[in-house]
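Colleague: Quick one: structure below, then a few questions.
Residue numbers (the numbering used here), protein chains in the order written: chain Z, 945 to 1056; chain X, 34 to 146.
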């Protein structure tokens, strides 16, 4: 059974600070996806990383896939209140039919 | 991406009844999944909805409780049968596009009283 450990579970920071969310596993994934979920809303796909060592930037968000494709991180620079939400990482293995295994989620609160 | 709609968006149901949730996609997709997200928790995969054949269920989920239909490549239904308060949750369908990117529908918020 694949297991994705996400940390921290909860993060409360002031506007303008930086934050990093980690997603770790002992299993190799074909791809890893990051989602954000705002209160009362569904999960919105932020990025998909596929290649080991890959780094993707989305404005103030930087996503990295580990060289061994077992871990990933999400770094937010100069966080804003609009970044508040639940961040979820999810790994997929093509050999397993692309079923996603989700991490436990990180709840981020950015205070103005 | 794809445009995914779900009906109903929310419902309040009595214990012992059943609810069928619909998922419609604006393009043909091979892979479609159903997930559940309980309050304050992450998403859990219920099953893979296979077009033209029986769904493939994950451990802890059975067809009698969560029957799934997938009559074509743009539509699927999930039924939550004989509901109990423990079934109160958000139910989401998702589709896989392109390089394995998975997109989620808006969800159906179910409350069982």
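In this text, a Cβ means the ideal position worked out from N, Cα and C, and glycines have one as well.
Identify every run of the beta strand (DSSP E) within the region 994-1040 of chain Z, keeping only runs that are complete inside it and at least 3 residues long; order them along the chain.
Modeller: Runs found: 999-1002, 1005-1009, 1015-1020 and 1029-1036.
Colleague: Residue 129/X CB to nearest chain Z CB: under 9 Å?
Modeller: Cβ-Cβ to chain Z under 9 Å: yes for residue 129/X.
Colleague: I'd like the list of long-range same chain contacts for residue 960/Z, defined as Cβ closer than 6 Å, with 5 residues on each side in sequence excluded.
Modeller: Correct list, in chain order: 1022.
Colleague: I need the DSSP call for residue 952/Z, collapsed to helix, strand or coil.
Modeller: It is coil, neither helix nor strand.
Colleague: Would you identify the three-state DSSP class for residue 118/X, choosing helix, strand or coil?
Modeller: Three-state result, residue 118/X: helix.
Colleague: If we define contact as Cβ-Cβ less than 9 Å, is residue 999/Z a contact residue for chain X?
Modeller: Answer no: the Cβ-Cβ gap between residue 999/Z and chain X never drops below 9 Å.
Colleague: How big is the Cα-Cα spacing for residue 124/X and residue 950/Z?
Modeller: In a straight line, the C-alpha of residue 124/X is about 22 Å away from that of residue 950/Z.
Colleague: Helix, strand or coil for residue 34/X? Go by DSSP, reduced to three states.
Modeller: Here residue 34/X sits in coil by DSSP.
Colleague: Consider the Cβ of residue 135/X: report whether some Cβ of chain Z lies at a distance smaller than 9 Å.
Modeller: So yes, residue 135/X belongs to the interface.
Colleague: Roughly how far, in whole angstroms, is the beta-carbon of residue 61/X from the beta-carbon of residue 106/X, given that I think they are within contact range, below 8 Å?
Modeller: With 8 Å as the limit, residue 61/X and residue 106/X qualify as a contact, their Cβ atoms being about 4 Å apart.
Colleague: Can you list, in chain order, the residues of its chain whose CB lies under 6 Å from that of residue 57/X, leaving out five sequence neighbours each side?
Modeller: Same-chain partners within the cutoff: 38 and 108.
Colleague: Any beta-carbon of chain Z closer than 9 Å to the one on residue 77/X?
Modeller: Cβ-Cβ to chain Z under 9 Å: yes for residue 77/X.
Colleague: Applying the criterion that 16 or more other CB atoms from any shown protein chain within 10 Å of the CB defines a buried residue, is residue 1046/Z buried or exposed?
Modeller: Counting Cβ neighbours within 10 Å, residue 1046/Z comes out buried, since at least 16 surround it.
Colleague: So with CB distances below 7 Å, who are the chain X contacts of residue 1008/Z?
Modeller: Going along chain X, no residue has its Cβ under 7 Å from residue 1008/Z, so there is no contact; the nearest lies around 18 Å.
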